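Position 207 of the sequence shown, counted from 1, bears residue number 207 in this note's numbering, the numbering being contiguous throughout. See below for the structure under consideration.
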Amino acid sequence: MKRLILTASLLLTFASVAFAASPTSTTPTFSKDIAPIFYKNCVDCHRPGEAAPMSLLDYKSARPWIKSIREKVSERVMPPWQADPHVGKFSNDRRLQQKDIDTIVAWIDAGAKEGDAKDLPKQPDYPDGWSIGKPDAVFSMPETFNVPAEGVVEYQHWTVPSNFTEDKWVTAAEIKMGNRAVIHHAIVFIYDPKTGPSLPDGLRTNLGRLPQAPRDPSRARVQQKLGSLLIGSGPGDQAMFMKPGHGMLIKAGMEFIFQLHYTPNGHATTDRTRVGFRFATEPPKFEDRNVGVLNGRFTIPANEANYMVESSATFTEDATVMSLFPHMHVRGKSFEFRLVTPDGRSQILLEVPKYDFNWQAGYNLAEPLLVPKGSRIECTAYFDNSKGNKFNPDPSKDVTWGDQTWEEMMIGFTTFALPNRHLAATMEGGNR
Ligand code: HEC
1 MKRLILTASL
11 LLTFASVAFA
21 ASPTSTTPTF
31 SKDIAPIFYK
41 NCVDCHRPGE
51 AAPMSLLDYK
61 SARPWIKSIR
71 EKVSERVMPP
81 WQADPHVGKF
91 SNDRRLQQKD
101 IDTIVAWIDA
111 GAKEGDAKDL
121 PKQPDYPDGW
131 SIGKPDAVFS
141 MPETFNVPAE
151 GVVEYQHWTV
161 PSNFTEDKWV
171 TAAEIKMGNR
181 AVIHHAIVFI
191 YDPKTGPSLP
201 DGLRTNLGRL
211 PQAPRDPSRA
221 RVQQKLGSLL
231 IGSGPGDQAM
241 FMKPGHGMLI
251 KAGMEFIFQL
261 HYTPNGHATT
271 DRTRVGFRFA
281 TEPPKFEDRN
291 VGVLNGRFTI
301 PANEANYMVE
311 SSATFTEDAT
321 VMSLFPHMHV
331 RGKSFEFRLV
341 TPDGRSQILL
351 EVPKYDFNWQ
361 AGYNLAEPLL
371 VPKGSRIECT
381 AYFDNSKGNK
391 FNPDPSKDVT
401 WGDQTWEEMM
411 IGFTTFALPN
421 RHLAATMEGG
431 NR
C-alpha cells in the first residue's frame with residue numbers, strides 16, 4: 001500500500017515537471033505575466049513625466065532595462081519601501097510578493113519575451129498624467145520661476161487664493177512638479193488670511209513652535225506664516241488619497257501657500273508647479289488633519305555618528321491615527337513612531353531603520369488606530385553627522401534646524417481623523 005502511494009506521488013511529480021518544462025505553457029511573457037505586475041507596482045513612478053528614469057508601461061520601453069530590473073527587484077531595492085516589515089501593516093506597502101519577484105526573474109532568465117499583445121491587461125488610466133484621476137480643481141504657481149544653473153536657492157513661497165466660496169472636502173490631492181529635475185520638494189499649505197497661522201486642533205505638540213530663524217527675519221516670518229500642511233511631494237512619494245468617508249477640509253476663503261525647494265543642476269531652466277484636488281460630493285464622516293510632531297531645538301555635534309533627537313505630541317481628544325511620515329535631511333539615520341496610551345502602554349507604530357533622504361514617503365496604516373484622548377505620539381530619530389555617512393556634506397560642523405539640506409529637521413508628520421463636527425453641526429442645526 002505504502003509503495004503504491006509512493007509510486008503514485010512520484011508519477012505525479014514527474015507529470016508536473018514535464019508540464020513545467022513545456023515552454024508554451026509556462027515561459028512568462030511581458031504581455032501576460034509581467035505587465036500586470038508592473039502596472040500595479042511600478043508605473044505610478046515609471047511612466048513618462050514621472051520621477052523614475054524609464055517607463056515600464058510597454059515592452060519596448062522596459063526591454064532595455066531587464067538586467068537592472070532583475071537586480072533591483074531581487075535585492076528589493078525596487079519598489080522603494082523603507083519601513084521595517086515586522087512592524088505594522090500599511091495599505092500603501094509597495095513591496096513585491098516573492099512570487100512576483102520569481103516571475104520577473106523567470107521572465108528575464110527565459111529571454112524576456114514580449115508574448116501576445118492580446119494578453120495585455122488594460123493600461124492604467126492617468127488622465128492628463130494625474131494619478132488621482134481628473135482633478136476637480138487645479139491651482140498653479142502664479143508665475144514661472146527662473147531656476148538658475150547653479151548656487152543655492154532659498155525656499156520659494158507663493159500665495160495663491162483658492163477663491164472658494166464654500167467649504168471643500170479633499171478626498172485626493174497631487175502635486176504636479178513643473179520641472180522635476182530641479183525640484184527637491186514641493187509642499188502646499190493651507191493658510192487662513194483672516195486668522196493667520198494656526199495648527200489644527202486635536203494633537204498638541206509638546207515642544208511648541210519652531211525656533212525662529214534669527215539670521216534672516218523675513219524667512220522666519222514666512223515659516224510662521226505657513227499654516228497647516230496640505231500635501232507634500234518629494235523624491236519618493238505618491239499622490240495623497242483619503243480613505244473612503246474621510247476628507248481634509250479647505251474652508252471657504254482659504255489661500256494656498258506653495259513652498260518650492262529648488263536644487264540647481266547646472267542648467268538654467270524654469271518651473272511652474274501645480275496642485276490638483278478631488279473633492280467629496282458630500283461632507284465626509286471624518287475629518288483628517290495633519291500635525292508635524294517636531295523638535296526644532298537640537299544641536300547635532302560635529303563628527304557624532306549616532307545622535308538621538310526626540311519629539312512628542314498629545315491627543316487632546318479621541319482620534320484615529322491614519323498615516324505617518326518621517327522627515328529629516330541628509331544626516332537622518334533612523335526614525336521611529338510610538339504610541340503611548342494614558343494607561344502607560346507603548347506600541348511601535350512605524351520603524352524606519354535605514355532612513356533615506358531620497359525616498360521619503362507616508363505610511364498609511366492598514367488598520368487606522370483608534371486612540372483615546374491623552375495618548376501621545378512619540379518620535380525618536382537618530383542622526384549620523386560623522387564622515388561615515390556618505391551623504392554628509394560636512395562632518396566638522398555642528399548642525400541645527402534649518403530649511404536647507406545641509407541643515408537638519410526632525411518631524412514626524414502624523415495624520416489623524418476626528419469625527420466631522422461640521423457634519424454634526426449641520427445635522428443638529430437642521431441646515432442642509
Ligand atoms: C515610488 C516610485 C517608484 C516605484 C513604485 C518604483 N520605482 Fe523604480 N525607480 C524610481 C526612481 C525615482 C528611480 C531612479 C532613482 C534611483 O535609481 O534610485 C528608479 C530606478 C529604478 C531602476 C534602476 C534604473 C537604472 O538606472 O538602472 C529599476 C531597474 C527600477 N527602478 C525598477 C522598478 C520596478 C521593476 C518597479 C516595480 C516593481 C519599480 N521600479 C517601482 C521610482 C520608483
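Idealized CB from N, CA, C, for every residue including glycine. The model shown is predicted, which means the values in this text are computed figures rather than measured ones.
Alpha carbon of residue i to alpha carbon of residue j, nearest angstrom
{"i": "Ser-55", "j": "Glu-71", "result": "17 Å"}
{"i": "Trp-169", "j": "Ala-110", "result": "50 Å"}
{"i": "Lys-373", "j": "Leu-418", "result": "11 Å"}
{"i": "Leu-365", "j": "Phe-335", "result": "16 Å"}
{"i": "Gln-123", "j": "Lys-387", "result": "46 Å"}
{"i": "Leu-423", "j": "Phe-298", "result": "41 Å"}
{"i": "Met-141", "j": "Lys-243", "result": "28 Å"}
{"i": "Pro-80", "j": "Phe-164", "result": "37 Å"}
{"i": "Thr-36", "j": "Pro-127", "result": "Before going further, note that residue 36 is Pro rather than Thr in the sequence given. Straight-line Cα distance between these residues: approximately 19 Å."}
{"i": "Gln-97", "j": "Val-105", "result": "13 Å"}
{"i": "Lys-176", "j": "Gly-344", "result": "43 Å"}
{"i": "Ile-250", "j": "Pro-148", "result": "34 Å"}
{"i": "Cys-379", "j": "Arg-338", "result": "6 Å"}
{"i": "Trp-406", "j": "Phe-279", "result": "38 Å"}
{"i": "Leu-324", "j": "Gln-347", "result": "14 Å"}
{"i": "Lys-193", "j": "Gly-253", "result": "It is Pro, not Lys, that sits at residue 193 in the sequence shown. About 8 Å."}
{"i": "His-184", "j": "Ser-396", "result": "25 Å"}
{"i": "Leu-199", "j": "Ile-377", "result": "16 Å"}
{"i": "Asp-435", "j": "Leu-120", "result": "Given a span of 1 to 432 for the chain in the structure shown, any question on residue 435 remains unanswerable."}
{"i": "Gln-156", "j": "Arg-274", "result": "14 Å"}
Cβ-based neighbour list, residue i, same chain, cut-off 7 Å, excluding 5 preceding and 5 following
{"i": "Arg-331", "result": "Ile-300, Phe-383, Asp-384, Asn-385, Asn-389, Asn-392, Val-399, Glu-408"}
{"i": "Val-43", "result": "Leu-56, Leu-57, Pro-124"}
{"i": "Pro-326", "result": "Phe-335, Val-352, Tyr-355, Gly-412"}
{"i": "Asp-136", "result": "Phe-277, Arg-278, Phe-279"}
Span of the alpha helix (DSSP H), counted from its first residue to its last, around residue i
{"i": "Tyr-191", "result": "No alpha helix (DSSP H) holds Tyr-191; the beta strand (DSSP E) holding it covers 183-191."}
{"i": "Trp-158", "result": "Where Trp-158 is concerned, there is no enclosing alpha helix (DSSP H), although the beta strand (DSSP E) it sits in stretches over 156-161."}
{"i": "Ala-52", "result": "No alpha helix (DSSP H) holds Ala-52; DSSP gives it neither H nor E."}
{"i": "Gln-404", "result": "Element bounds for Gln-404: n/a, residue is neither H nor E."}
{"i": "Lys-99", "result": "98-109"}
Backbone secondary structure at residue i - three-state DSSP
{"i": "Pro-64", "result": "helix"}
{"i": "Glu-71", "result": "helix"}
{"i": "Lys-285", "result": "coil"}
{"i": "Lys-397", "result": "coil"}
{"i": "Phe-279", "result": "strand"}
{"i": "Gly-292", "result": "strand"}
{"i": "Thr-269", "result": "strand"}
{"i": "His-29", "result": "The amino acid occupying residue 29 in the given sequence is Thr; His does not appear at that position. In this structure, Thr-29 counts as strand in the three-state DSSP scheme."}
{"i": "His-86", "result": "coil"}
{"i": "Gly-232", "result": "strand"}
{"i": "Leu-199", "result": "coil"}
{"i": "Tyr-59", "result": "helix"}
{"i": "Arg-204", "result": "strand"}
{"i": "Arg-274", "result": "strand"}
Element boundaries [beta strand (DSSP E), containing residue i]
{"i": "Ala-381", "result": "376-383"}
{"i": "Ala-35", "result": "Unbroken run through Ala-35 is the alpha helix (DSSP H), 35-41; no beta strand (DSSP E)."}
{"i": "Ala-117", "result": "Segment: none, Ala-117 is in no beta strand (DSSP E) and carries neither H nor E."}
{"i": "Gln-347", "result": "346-352"}
{"i": "Ala-417", "result": "411-419"}
{"i": "Gly-247", "result": "246-250"}
{"i": "Val-257", "result": "According to the sequence as given, residue 257 is Ile; it is not Val. Run containing Ile-257: 255-262, per the beta strand (DSSP E) assignment."}
{"i": "Ile-175", "result": "168-176"}
{"i": "Pro-368", "result": "363-371"}
{"i": "Phe-145", "result": "145-147"}
{"i": "Val-153", "result": "Careful: Val-153 lies outside any beta strand (DSSP E) and carries neither H nor E."}
{"i": "Ala-137", "result": "137-140"}
Own chain partners of residue i with C-beta closer than 8 Å, once the 5 adjacent residues on each side are dropped
{"i": "Met-1", "result": "Residue placement at Met-1 is flagged as unreliable, the pLDDT there being 42, under the threshold of 50; the coordinate-derived value follows with that caveat. None."}
{"i": "Arg-3", "result": "Caution is warranted here: a pLDDT of 45 is assigned to Arg-3, below 50, making its placement in the model unreliable, and the coordinate value is therefore given only provisionally. No residues qualify anywhere along the chain."}
{"i": "His-246", "result": "Thr-171, Pro-284, Lys-285, Phe-286, Glu-287, Asp-288, Met-322, Ala-417"}
{"i": "Phe-38", "result": "His-46, Leu-56, Leu-57, Ala-62"}
{"i": "Ala-83", "result": "Phe-90, Asp-93, Leu-350, Glu-351, Val-352, Tyr-363"}
{"i": "Leu-207", "result": "Leu-294, Asn-295, Gly-296, Arg-297, Ser-311, Ser-312"}
{"i": "Pro-368", "result": "Lys-243, Thr-320, Val-321, Met-322, Ala-417"}
CB contact below 8 Å: residue i versus chain B
{"i": "Gly-49", "result": "Absent here is chain B; the protein component of the structure consists of one chain."}
Nonlocal neighbours in the same chain, by C-beta distance under 6 Å from residue i, ignoring five residues either side
{"i": "Met-240", "result": "Ala-173, Ile-231"}
Taking only runs that begin and end inside the stretch 312-341, name each unbroken beta strand (DSSP E) of 3 or more residues, in chain order.
You should have 319-327, 332-340.
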